[in-house]
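Student: Take this structure first; my questions come after.
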Amino acid sequence: MPPPATPGMRPPDPVIQARYRVEFPKLSGVFTEVAVTSAEVPAVAYNFTGADGKPSTSYQPGIRKLPTITLKRGMTTDLSAWNWHQEVLQGKIGSARVNGTVSILDNEGKPAAVFNVMNAWPTKVDMPPLMATGGSPGVEVIALTCEDFHRAS
3 MPPPATPGMR
13 PPDPVIQARY
23 RVEFPKLSGV
33 FTEVAVTSAE
43 VPAVAYNFTG
53 ADGKPSTSYQ
63 PGIRKLPTIT
73 LKRGMTTDLS
83 AWNWHQEVLQ
93 GKIGSARVNG
103 TVSILDNEGK
113 PAAVFNVMNA
123 WPTKVDMPPL
133 MATGGSPGVE
143 VIALTCEDFH
153 RAS
């Protein structure tokens with residue numbers, strides 16, 4: 003919840019979604035899009051018969067679903083995403099897991115909201131479709147999974 007407004011003071015401006023920074027030690031580049039699926043804890047029904055003999059239902063938290071972070075960028079000669087994904091494919095998951103941040107920047111380029119990403123690794127790296135009639139840049143798609151994603155500021 004935002005802090006209460008002081009009389010005569012303007013509330014803070016919302017951040018603009020087009021200004022952001024993505025930082026992972028094994029991944030470099032400029033990204034055209036960042037999408038994060040929500041982390042969820044599904045409700046699991048627990049059916050039982052109460053002391054009065056009537057059926058009843060209680061809900062318990064289920065196994066949490068971790069978010070997927072999807073990054074898109076124009077394909078270049080940079081191999082950082084492919085090399086990182088190769089590390090996973092070779093079974094080197096321990097060294098492939100890294101921490102990173104996704105920061106939304108204010109109008110001065112300073113972090114207005116910072117999200118910490120813990121133990122992330124690439125589950126998928128897609129090359130762009132190729133078309134002989136196409137003239138637009140190819141877009142590489144990188145999907146990351148992580149063990150924790152939380153807002154730090």
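Position in the sequence shown (from 1) plus 2 gives the number in my numbering.
Ideal placement from N, C-alpha and C gives every residue a C-beta, glycine not left out.
1) Pull up the distance between the alpha-carbon of Ile106 and that of Asp15, whole angstroms please.
2) Where does the unbroken beta strand (DSSP E) through Leu107 begin, and where does it stop?
3) With DSSP collapsed to three states, give me the class of Ile144.
4) Rounded to whole angstroms, what's the CA-CA distance from Lys74 to Thr51? Just pull it up for me.
5) Indicate the three-state DSSP secondary structure (helix, strand or coil) for Glu42 in the structure shown.
6) Where does Glu149 fall in DSSP's three states?
7) Would the segment 89–102 count as touching the segment 15–29 if we require 3 or more Cβ pairs under 8 Å?
8) In angstroms, rounded to a whole number, what distance separates the CA positions of Val119 and Glu142?
9) For His87, I'd like the list of residues in its chain whose CB is within less than 6 Å of its CB, leaving aside the five on either flank, ordered along the chain.
10) Taking the beta carbon of Val24 as the centre, do at least 16 other beta carbons fall within 10 Å, making it buried, or is it exposed?
Tutor: The relevant details are as follows:
1) 13 Å
2) 100–107
3) strand
4) 51 Å
5) strand
6) coil
7) yes
8) 21 Å
9) Pro124, Val127
10) buried
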